[in-house]
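Take 1 as the starting number for the sequence shown in the UniProt record's numbering and just add one per residue.
Reviewing the structure listed below.
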Amino acid sequence: MPTEIKCRLRVGCLPLQRQRATRADQWIIIMNSLHLQLTVATCCLLVLAFAKVPTQPQQTNTWRDLFFGSKWLSPGPRFRESKFLPIFALVPIGPGSCSAPSGEQGNCIPSKDCILRNGIPAGPCGGGYGVCCIFLQTCGGVIRENSTYFVNPNHPDVYDGTGSCQVTVQKLHPDICQLRLDLDMFSIAPPEAANHLCNQDQLLISGGSPTPTICGSSTGDHMYIDAGLGQSNPIVLSVITSGSFPRLWRIRVTQIHCGSISRADQGCLQYYTAISGRVRSFNYNTVGGRQLSNQDYSICIRNERNFCGIQYNTCPDLENNRSRAFTLSGNSNNPVPTMVGGGGANGCVSDWLLIGCIRSADRIPPLPGCEDRVCGGTFSAEAGMLAKTVQSSVRPFRLYFHTDGVEAPNDIDNRGFCMDYVQQPCTNGF
Numbered sequence: 001m002p003t004e005i006k007c008r009l010r011v012g013c014l015p016l017q018r019q020r021a022t023r024a025d026q027w028i029i030i031m032n033s034l035h036l037q038l039t040v041a042t043c044c045l046l047v048l049a050f051a052k053v054p055t056q057p058q059q060t061n062t063w064r065d066l067f068f069g070s071k072w073l074s075p076g077p078r079f080r081e082s083k084f085l086p087i088f089a090l091v092p093i094g095p096g097s098c099s100a101p102s103g104e105q106g107n108c109i110p111s112k113d114c115i116l117r118n119g120i121p122a123g124p125c126g127g128g129y130g131v132c133c134i135f136l137q138t139c140g141g142v143i144r145e146n147s148t149y150f151v152n153p154n155h156p157d158v159y160d161g162t163g164s165c166q167v168t169v170q171k172l173h174p175d176i177c178q179l180r181l182d183l184d185m186f187s188i189a190p191p192e193a194a195n196h197l198c199n200q201d202q203l204l205i206s207g208g209s210p211t212p213t214i215c216g217s218s219t220g221d222h223m224y225i226d227a228g229l230g231q232s233n234p235i236v237l238s239v240i241t242s243g244s245f246p247r248l249w250r251i252r253v254t255q256i257h258c259g260s261i262s263r264a265d266q267g268c269l270q271y272y273t274a275i276s277g278r279v280r281s282f283n284y285n286t287v288g289g290r291q292l293s294n295q296d297y298s299i300c301i302r303n304e305r306n307f308c309g310i311q312y313n314t315c316p317d318l319e320n321n322r323s324r325a326f327t328l329s330g331n332s333n334n335p336v337p338t339m340v341g342g343g344g345a346n347g348c349v350s351d352w353l354l355i356g357c358i359r360s361a362d363r364i365p366p367l368p369g370c371e372d373r374v375c376g377g378t379f380s381a382e383a384g385m386l387a388k389t390v391q392s393s394v395r396p397f398r399l400y401f402h403t404d405g406v407e408a409p410n411d412i413d414n415r416g417f418c419m420d421y422v423q424q425p426c427t428n429g430f
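Rendered as structure tokens:
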């Protein structure tokens, strides 16, 4: 029976809407089939992309390399199998900081780049698609990577040789304005006992802003070096050694862009960026450290928002009956009072610490006037034998440290200084 007759008789006939729906269902089935095939194809590509195959340098420019990226090369047995990074990865590997198990800071980059750039792979990073690459340079080397370490020969063991060990730092970009040197490990021969001069060993820095010569032990300290604009002359770090001593140094060199928030203020050898912290002179040690001669540099503390003043007090000294945390002048084997100002019988004329307009923090109301220079063997804003917390509202927050080249016979066994600081809110009367 013809369809139209069936429809008229309403027997064995599908309504027109039902017929149209059936055609739509057929199209849905076709599209679902295509989607399933596409999904299967994508899964196959992913399996190929992440499949581990033996790395063979001679097999290059294959279709898999061209589509998914180059294979990663690494000579170590831990990386004999390579991985592929698909070109459709949402987060590509970029240079970022990472920490090696041994404590060094490195750059997270692809393994093959680490090897090509003469780095040392120190474990995976970036979800396993990169390695924490450590860059080391020693005598005669050239630093061309950020966060490179200048290390002693025979590192990580001690070095007992003599001579000049130097590295040259080349700017990564003309927009580099500063270097930060972190003395992660620094122990070379100390200054001589009479005048505290660095006669045996020295750390010298040339090509940048003026820096003092240091020696002895300064692990944990840092320096900022102004590098000038553009492709200026390279900066050279030199460790000069003579005589026998178990030396050990590991200095991290970080290059800082001109517009970076990490850039220190002009003229600051040291720069601190916290509301509270600790500042100290080089080679400071309450037991055997000696204050270094011929020091002239500024220590700067970034003024945090809503803080208008700062307080200083000496660090705890647990080794001595009388604190030696502030001993700049006089014979520190005996009690030495605070000396303030730049003139007079009790003035500071040879070795001193300058802090802008300091007053005793416990004076309410404060005494009229203030002091800048402080020296002697007791830290206070007032002459006497009682150590006190001092405060200042002069901004920017800076300390300037000066020592001459003579200690004996008047200045004996001075350690330098170590002080804790705390910035004060603007509501605290500043």
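All C-beta atoms in this analysis are idealised placements derived from N, C-alpha and C, irrespective of residue type, glycine included.
Would you tell me roughly how many angstroms separate the C-alpha atoms of residue i and residue j, rounded to the nearest one?
| i | j | result |
| --- | --- | --- |
| Val236 | Arg363 | 48 Å |
| Gly141 | Gly277 | 35 Å |
| Ile115 | Cys133 | 9 Å |
| Ser147 | Gly228 | 19 Å |
| Gln137 | Arg144 | 10 Å |
| residue 431 | Val394 | Nothing about residue 431 can be read from this structure; the chain reaches only from 1 to 430. |
| Arg415 | Lys388 | 19 Å |
| Ala361 | Ile301 | 19 Å |
| Gly330 | Glu407 | 9 Å |
| Cys418 | Val287 | 13 Å |
| Pro153 | Ile214 | 19 Å |
| Pro294 | Ile355 | Inspection of the sequence shows that residue 294 is occupied by Asn rather than by Pro. If you take the alpha carbons of Asn294 and Ile355, they lie about 19 Å apart. |
| Trp249 | Gly344 | 43 Å |
| Pro101 | Gly123 | 8 Å |
| Val167 | Leu386 | 47 Å |
| Pro365 | Arg359 | 11 Å |
| Leu179 | Thr211 | 12 Å |
Strictly under 9 Å for the Cβ-Cβ distance: is residue i near chain D by that measure?
| i | result |
| --- | --- |
| Ser218 | Protein chain content of the structure displayed is limited to a single chain, and chain D is not contained in it. |
Here's the rule: buried if 16 or more other CB atoms are within 10 angstroms of the residue's CB, otherwise exposed. What is residue i?
| i | result |
| --- | --- |
| Asp411 | buried |
| Ser262 | exposed |
| Gln424 | buried |
| Ala325 | buried |
| Asn107 | buried |
| Asn306 | exposed |
| Arg247 | buried |
| Leu321 | Note that residue 321 is Asn in the sequence shown, not Leu. Looking at its Cβ environment, which holds fewer than 16 other Cβ atoms inside 10 Å, Asn321 is exposed. |
| Asp351 | buried |
| residue 433 | Any property of residue 433 remains undetermined from this structure, which presents the chain solely from 1 to 430. |
Please list, in chain order, all residues of the same chain as residue i whose beta carbon is under 8 Å from its beta carbon, the five residues on each side excluded.
| i | result |
| --- | --- |
| Ala383 | Pro337, Thr338, Met339, Val340, Asn346 |
| Ser244 | Asp160 |
| Ser97 | Gln105, Gly106, Asn107, Cys108, Ser147 |
| His257 | His173, Asp175, Ile176, Cys177, Arg263 |
| residue 435 | With the chain running from 1 to 430 in the structure shown, residue 435 is simply not present. |
I think residue i touches residue j, with their Cβ atoms under 8 Å apart; what is that distance to the nearest whole Å?
| i | j | result |
| --- | --- | --- |
| Leu367 | Leu399 | That belief does not hold up - the Cβ atoms of Leu367 and Leu399 are roughly 21 Å apart, past 8 Å. |
| Gln291 | Thr403 | 6 Å |
| Ser392 | Cys357 | 6 Å |
| Tyr421 | Tyr312 | 5 Å |
| Gly163 | Thr241 | 6 Å |
| Ser238 | Leu183 | No, Ser238 and Leu183 are not in contact; Cβ-Cβ is about 15 Å, not under 8 Å. |
Suppose the cutoff is 6 Å on Cβ atoms and the five residues either side in sequence are ignored; what does the same chain contact list for residue i look like?
| i | result |
| --- | --- |
| Cys223 | Residue 223 is actually Met in this sequence, not Cys. Cβ neighbours of Met223 beyond the five flanking positions: Leu181, Leu269. |
| Thr327 | Gly377, Asn414, Arg415 |
| Asp265 | Cys300 |
| Glu192 | Asn199 |
Q. Pairing CB atoms from the region 317–328 with CB atoms from the region 201–221, are three or more of them under 8 Å?
A. no
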